[in-house]
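A.B. asks:
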């Protein structure tokens, strides 16, 4: 019992300090690292609550995959100089958060729920194991499971569409591309170069940028700023 | 440990995330704070699942994680698109959709 309490307090302090670090640290990269600490501590809390599979998924999916995605985007975008939010929200935001915390604690602890002051239902062997979770997912919760997979597919396609390059290749990359792919090939035979907006035109000059024509043809803005 | 402790921790995490969404202006950090809020909700779900003795809350928590991953993917795609268009990465400056 004492050991459980010690682990709980260590994990809870880790989770809360990690969360505070996400909000307070200036550099987004340090915020991401702080979120990783928070997620691992939260996985420890899940383990204490006998949710083995959720804890494992938390570490693998969040602290693994999502964090890597964040780190890549932060490294790509950069943006260290984070200015303080000006004006009213700077003062009202923390006040609102504090008021919300007090209100939630009152609501949780003053609700008179008897179960809140217990250690929960008696432990059944196998509670929260992948076997039980998998059985539930494939029987009772099959529809949400399939819906989640479709949602992930839609999100992946949407991210590719949002983050794709809009106006062909950059000039330097274009030269490298012309140097690399001089092989003669009929037009529109499905290469990645054509997907990026360039296609072979004549035999002598194999590739030409088609970005402007594609851009205007697809209804996108042809301004230098580009369109969404 | 009593379930109430876990619920208090989840409430605190949620409120830190909510405050962060209001205070910060970098969209990347706002996405991180959204993650914090979702994680606070997840902790509450798992705690109630333990309290009730059923695994349905854990199923719900896993679905929340899926939705969070999808949201992060699209959000980071938006951030990259904003960066490509050479626009400032600041939610106060990004008012293109404002009529």
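Residue numbers (this note's numbering), protein chains in the order written: chain E, 550 to 777; chain Z, -19 to 79. We treat Cβ as the ideally placed atom computed from N, Cα and C, and that holds for glycine. Since the model is a prediction, treat every value here as computed from it, not as a measurement.
1) If you measure from the beta carbon of residue 657 (chain E) to each beta carbon in chain Z, is any gap under 8 Å?
2) With 9 Å as the C-beta to C-beta threshold (strictly closer), list the residues of the region 609 to 628 of chain E near chain Z in chain order.
3) Does the region 569 to 589 of chain E come close enough to the region 613 to 624 of chain E that 3 or more CB-CB pairs lie under 8 Å?
4) Count the other CB atoms, across all protein chains shown, that sit within 10 Å of the CB of residue 57 (chain Z); report buried if there are 16 or more and exposed otherwise.
5) Out of Z:35, Z:5, Z:3 and Z:-14, point me to the one whose CA is closest to residue 593 (chain E)'s CA.
6) May I ask which residues mark the beginning and end of the alpha helix (DSSP H) holding residue 639 (chain E)?
7) If you count every other CB in all the chains shown that lies within 10 Å of the CB of residue 499 (chain E), and 16 or more means buried, which is it?
8) Start and end of the alpha helix (DSSP H) containing residue 24 (chain Z)?
9) Please list, in chain order, all residues of the same chain as residue 681 (chain E) whose beta carbon is under 6 Å from its beta carbon, the five residues on each side excluded.
10) Between the region 571 to 598 of chain E and chain Z, which residues of the former have a C-beta closer than 8 Å to a C-beta of the latter?
11) Report the three-state DSSP secondary structure of residue 714 (chain E) (helix, strand or coil).
12) Note the first and the last residue of the continuous alpha helix (DSSP H) segment covering residue -9 (chain Z).
13) In terms of alpha-carbon separation, which member of Z:66, Z:44, Z:71 and Z:29 lies closest to residue 700 (chain E)?
14) From residue 687 (chain E) to residue 693 (chain E), what does the alpha carbon distance come to, in whole angstroms?
15) Compare the C-alpha of residue 48 (chain Z) against each of E:698, E:647 and E:641 and name the closest.
16) Within 8 Å (strictly less), CB to CB, does residue 75 (chain Z) reach chain E?
17) Counting only the same chain and skipping the five closest in sequence on each side, list residues whose C-beta sits under 7 Å from that of residue 528 (chain E).
C.D. replies: With the structure as the only source:
1) Working through the first chain from its first residue, we reach residue 657 (chain E) at position 108. Yes - at least one Cβ of chain Z is within 8 Å of the one on residue 657 (chain E).
2) 610, 611, 614, 615, 618, 619, 621, 622, 623, 625, 626, 627 and 628
3) yes
4) Reading the second chain from its first residue, position 77 is the one you call residue 57 (chain Z). By the 10 Å Cβ count, residue 57 (chain Z) comes out buried.
5) Numbered from 1 along the first chain, position 44 holds the residue referred to as residue 593 (chain E). Nearest C-alpha to residue 593 (chain E): Z:-14.
6) The sequence position of residue 639 (chain E) within the first chain is 90, counting from 1. Per DSSP, residue 639 (chain E) belongs to the alpha helix (DSSP H) from 637 to 658.
7) No answer is possible for residue 499 (chain E): the residues shown for chain E start at 550 and end at 777.
8) Locating residue 24 (chain Z) in the second chain gives position 44, counting from the first residue. Per DSSP, residue 24 (chain Z) belongs to the alpha helix (DSSP H) from 7 to 32.
9) Here residue 681 (chain E) is taken as the residue at index 132 of the first chain, counted from 1. Here the set comprises 675.
10) 571, 572, 577, 580, 581, 584, 587, 588, 591, 594, 595, 597 and 598
11) Reading the first chain from its first residue, position 165 is the one you call residue 714 (chain E). In the structure shown, residue 714 (chain E) sits in coil (DSSP, three-state: anything other than H, G, I, E or B).
12) In the second chain, the residue the question calls residue -9 (chain Z) occupies position 11. -17 to 3 is the extent of the alpha helix (DSSP H) around residue -9 (chain Z).
13) For the purposes of this step, residue 700 (chain E) is identified with residue 151 of the first chain, where counting begins at 1. The candidate whose alpha carbon is nearest that of residue 700 (chain E) is Z:44.
14) On the first chain, position 138 is the one that residue 687 (chain E) refers to. On the first chain, position 144 is the one that residue 693 (chain E) refers to. Taking the straight line from one Cα to the other gives about 10 Å.
15) Along the second chain, one-based indexing puts residue 48 (chain Z) at 68. Nearest of E:698, E:647 and E:641 to residue 48 (chain Z), Cα basis: E:698.
16) Counting from one through the second chain, the residue named residue 75 (chain Z) turns up at place 95. Not an interface residue.
17) Here chain E has residues from 550 to 777 only, and residue 528 (chain E) is not among them.
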